[in-house]
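Quick notes on the structure that follows.
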Amino acid sequence: MNKVVISGTGLFTPPLSISNEELVASFNTYVANYNARHQAEIDAGTLTALAESSAEFIVRASGIHQRYVIDREGVLDPERMAPRIPERDNDSLSVQAEMAVAAARDALAAAGRAAADIDMVIVACSNMQRAYPAVSIEVQQALGIEGFAFDMNVACSSATFGIQTAANAIRAGQARAVLMVNPEICSAHLNFRDRDSHFIFGDAATAVVLEQADKAVAAECFEVVDTRLATVFSNNIRNNFGFLNRCDESGIGAPDKLFVQQGRKVFKEVCPMVGEHIVGHLESLGIAPDSVKRFWLHQANLAMNHLIVRRVLGREASEIEAPVILDRYANTSSAGSIIAFHLHGKDLVAGDVGVISSFGAGYSVGSVVVKKC
Ligand code: COA
289 MNKVVISGTG
299 LFTPPLSISN
309 EELVASFNTY
319 VANYNARHQA
329 EIDAGTLTAL
339 AESSAEFIVR
349 ASGIHQRYVI
359 DREGVLDPER
369 MAPRIPERDN
379 DSLSVQAEMA
389 VAAARDALAA
399 AGRAAADIDM
409 VIVACSNMQR
419 AYPAVSIEVQ
429 QALGIEGFAF
439 DMNVACSSAT
449 FGIQTAANAI
459 RAGQARAVLM
469 VNPEICSAHL
479 NFRDRDSHFI
489 FGDAATAVVL
499 EQADKAVAAE
509 CFEVVDTRLA
519 TVFSNNIRNN
529 FGFLNRCDES
539 GIGAPDKLFV
549 QQGRKVFKEV
559 CPMVGEHIVG
569 HLESLGIAPD
579 SVKRFWLHQA
589 NLAMNHLIVR
599 RVLGREASEI
609 EAPVILDRYA
619 NTSSAGSIIA
629 FHLHGKDLVA
639 GDVGVISSFG
649 AGYSVGSVVV
659 KKC
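Under this note's numbering, the first residue of the sequence shown is numbered 289, with each subsequent residue one higher.
Rendered as structure tokens:
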């Protein structure tokens with residue numbers, strides 16, 4: 289079987305950002321307007337007044353300070369609270385493909401690869417901007433890649449599931465090299481009117497080039513030592529948006545057609561699941577957790593990551609061992625662990641082992657054990 293390496297990674301960060309303070313100011317204006325509009329019902333006890341959000345709470349509960357977004361104005365407008373992303377005509381590159389292409393070019397350059405070297409493109413992320421044609425095929429065409437492409441969605445875990453799929457295709461000889469991209473426009477599925485979650489997400493795209501180890505030309509590579517995936521059904525992170533929505537008019541535009549979660553339950557259930565998963569994966573490979581140089585974890589919540597690494601290492605991890613990017617990026621779904629890998633992998637030396645791990649809706653968890661070449 290062909291040995292597989294990650295020979296390049298890429299990142300697209302939107303140029304616009306929103307601080308917690310800006311987000312909270314907009315949310316609290318919405319709350320004040322709502323409560324004023326419904327003052328009579330609130331006074332009569334037939335309606336509960338909305339509560340304000342706070343920037344201090346957001347940092348304390350999540351570790352997030354700001355997020356990058358495709359559009360600021362629409363999100364911060366208290367009368368709208370959704371990004372404004374104009375539709376494009378069918379002959380223009382779609383927004384999601386554009387982000388994907390930017391990250392992909394970065395990854396291809398790092399790998400020292402051209403479009404002609406790639407046989408397969410995977411777009412793996414939480415939300416596709418349309419049903420079809422597959423966004424991945426649009427990305428394939430925009431980059432001039434031959435071969436084949438397909439989309440896949442395993443929510444926040446999409447990147448590790450994408451890496452396993454890509455690695456298996458290379459091992460099996462079905463592709464020489466694969467481009468796996470994670471364009472996440474999370475601001476478009478986030479309910480900015482929901483106090484419990486309005487601060488959670490940001491937008492970004494990441495890309496990974498994988499190829500046969502003995503053909504790689506990149507200056508730096510990570511061998512994909514092994515991958516392990518697991519899923520267990522849960523409704524605690526759910527989004528009911530879909531093509532059946534129009535078949536029941538009563539649900540159109542309802543909050544469940546956006547991201548909804550039971551944050552506390554997710555926290556309690558997912559942390560042990562991920563901890564056990566990584567411990568079991570390392571054990572199966574005979575790798576002592578303490579010898580792992582770096583954990584590039586999914587970036588949803590800082591306390592969650594602390595807990596998971598404590599479970600794996602039996603002690604606190606330094607920020608060098610488990611890098612944090614969610615303070616600037618917030619939760620960028622499938623892109624999060626790859627952003628951490630992209631920004632915090634270059635200092636490792638040959639032989640160093642690291643773990644990329646993503647987790648989220650499904651529930652789903654994936655781990656990729658890599659070794660610096
Ligand atoms: N501003 C101020 N206070 C807020 C608030 C806000 N925006 N949102 C909630 N609160 C309040 C609550 O009302 C509650 O008050 P109470 O104690 O008086 O009842 C308190 O803060 C705690 O709320 P809770 O929802 O239990 O917060 P939490 O500590 O669980 O943090 C999350 C919330 C979402 C940050 C956290 O649960 C989380 O990150 N969970 C995992 C999420 C995750 O990884 N999801 C995966 C997505 S891919």
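C-beta: ideal position from N, C-alpha, C; glycine also.
State the CB to CB distance for the pair residue i and residue j, rounded to an integer number of angstroms; the pair is presumed to be in contact (CB under 8 Å).
{"i": "Asn-308", "j": "Ile-373", "result": "No, Asn-308 and Ile-373 are not in contact; Cβ-Cβ is about 22 Å, not under 8 Å."}
{"i": "Phe-489", "j": "Arg-355", "result": "7 Å"}
{"i": "Pro-371", "j": "Ser-475", "result": "5 Å"}
{"i": "Ala-399", "j": "Gly-296", "result": "3 Å"}
{"i": "Val-497", "j": "Ala-465", "result": "6 Å"}
{"i": "Val-312", "j": "Ser-341", "result": "5 Å"}
{"i": "Gly-563", "j": "Val-600", "result": "6 Å"}
{"i": "Leu-664", "j": "Phe-531", "result": "This structure gives no information on residue 664, because the portion of the chain shown stretches from 289 to 661."}
{"i": "Ile-294", "j": "Val-658", "result": "7 Å"}
{"i": "Ala-455", "j": "Thr-515", "result": "6 Å"}
{"i": "Phe-487", "j": "Ser-314", "result": "So it is not a contact: roughly 11 Å between Cβ atoms."}
{"i": "Leu-467", "j": "Ala-397", "result": "That belief does not hold up - the Cβ atoms of Leu-467 and Ala-397 are roughly 12 Å apart, past 8 Å."}
{"i": "Leu-573", "j": "Val-513", "result": "7 Å"}
{"i": "Lys-291", "j": "Asp-502", "result": "7 Å"}
Can you check which of these residues, the options, is closest to residue i by C-alpha distance?
{"i": "Pro-560", "options": "Phe-529, Lys-545 and Arg-598", "result": "Arg-598"}
{"i": "Val-643", "options": "Asp-331, Ile-294, Phe-583 and Leu-595", "result": "Phe-583"}
{"i": "Glu-310", "options": "Glu-329, Met-369, Lys-545 and Cys-661", "result": "Met-369"}
{"i": "Gly-298", "options": "Phe-315, Ala-390, Leu-570 and Ser-342", "result": "Ala-390"}
{"i": "Ala-591", "options": "His-569, Leu-614, Lys-581 and Val-580", "result": "Leu-614"}
{"i": "Gly-650", "options": "His-632, Asn-533, Ser-621 and Val-656", "result": "Ser-621"}
{"i": "Arg-401", "options": "Ile-433, Gly-568 and Leu-546", "result": "Ile-433"}
{"i": "Tyr-322", "options": "Leu-338, Glu-607 and Ser-382", "result": "Leu-338"}
{"i": "Ile-626", "options": "Ile-458, Tyr-318 and Ile-451", "result": "Ile-451"}
{"i": "Gln-500", "options": "Ala-492, Ala-493 and Cys-509", "result": "Cys-509"}
{"i": "Ala-605", "options": "Asp-578, Gly-624 and Arg-616", "result": "Asp-578"}
{"i": "Ile-306", "options": "Val-656, Gly-633 and Arg-616", "result": "Arg-616"}
{"i": "Ile-596", "options": "Ile-566, Pro-303 and Pro-611", "result": "Ile-566"}
{"i": "His-630", "options": "Gly-568, Arg-360, Thr-494 and Asp-359", "result": "Thr-494"}
{"i": "Cys-413", "options": "Ala-397, Pro-471, Arg-393 and Leu-396", "result": "Pro-471"}
{"i": "Ala-618", "options": "Ala-588, Gly-574 and Gly-333", "result": "Ala-588"}
{"i": "Val-656", "options": "Val-580, Glu-607, Ala-320 and Asp-635", "result": "Val-580"}
{"i": "Tyr-318", "options": "Asp-491, Thr-336 and Asp-482", "result": "Asp-482"}
{"i": "Asp-491", "options": "Asp-502, Ile-473, Phe-480 and Ser-485", "result": "Ile-473"}
{"i": "Val-469", "options": "His-477, Val-513 and Thr-453", "result": "Thr-453"}
{"i": "Phe-345", "options": "Ser-485, Ala-397, Asn-479 and Asp-331", "result": "Ser-485"}
{"i": "Ala-506", "options": "Asp-405, Ala-628 and Ala-320", "result": "Asp-405"}
{"i": "Leu-478", "options": "Gly-333, Arg-325 and Asp-544", "result": "Asp-544"}
Keeping to the same chain, check which residues put their C-beta closer than 8 Å to that of residue i; ignore five residues upstream and five downstream.
{"i": "Ala-437", "result": "Met-408, Val-409, Ile-410, Val-411, Ala-422, Ser-424, Ile-425, Val-427 and Gln-428"}
{"i": "Lys-553", "result": "Asn-524"}
{"i": "Ala-576", "result": "Leu-570"}
{"i": "Leu-381", "result": "Val-389, Glu-426 and Ala-430"}
{"i": "Met-289", "result": "Arg-459 and Ala-460"}
{"i": "Ile-540", "result": "Asn-533 and Arg-534"}
{"i": "Asn-316", "result": "Glu-340 and Ser-341"}
{"i": "Arg-376", "result": "Ser-382 and Val-383"}
{"i": "Glu-329", "result": "Leu-335"}
{"i": "Gly-568", "result": "Arg-516"}
Who are the near neighbours of residue i in its chain, counting only those whose CB is closer than 6 Å to its CB and skipping five residues on each side?
{"i": "Gly-654", "result": "Ser-445, Thr-448, Phe-449, Leu-517 and Ser-646"}
{"i": "Phe-521", "result": "none"}
{"i": "Val-548", "result": "Arg-526"}
{"i": "Val-442", "result": "Phe-449 and Ser-652"}
{"i": "Met-416", "result": "Val-423 and Asp-439"}
{"i": "Phe-300", "result": "Met-387, Ala-390, Ala-391 and Ala-493"}
{"i": "Leu-304", "result": "Val-357 and Arg-360"}
{"i": "Ala-504", "result": "Val-293 and Ser-295"}
{"i": "Gly-639", "result": "none"}
Taking 7 Å as the limit between beta carbons, can you name the residues of its chain near residue i, skipping five residues before and five after?
{"i": "Val-347", "result": "Asn-308 and His-353"}
{"i": "Ala-385", "result": "Val-423, Glu-426, Val-427 and Ala-430"}
{"i": "His-586", "result": "Cys-444, Gly-624, Ser-625, Ser-645, Ser-646, Phe-647 and Gly-648"}
{"i": "Ala-610", "result": "Phe-583, Leu-585, Asn-593 and Val-597"}
{"i": "His-326", "result": "Leu-335"}
Quiz prompt | Within the stretch 334–420, ranges of the beta strand (DSSP E) (whole runs, at least 3 residues) | solution = 354–357 and 408–412
Practice problem: Identify every run of the beta strand (DSSP E) within the stretch 441–483, keeping only runs that are complete inside it and at least 3 residues long; order them along the chain. | Solution: 465–473
Practice problem: Let me know the beta strand (DSSP E) ranges lying completely inside the stretch 541–616, each 3 residues or longer, listed in chain order. | Solution: 582–585
Quiz item: Enumerated in chain order, which unbroken segments of the beta strand (DSSP E) with a length of 3 residues or greater are wholly contained in the stretch 484–542?
Solution: 491–500 and 510–519
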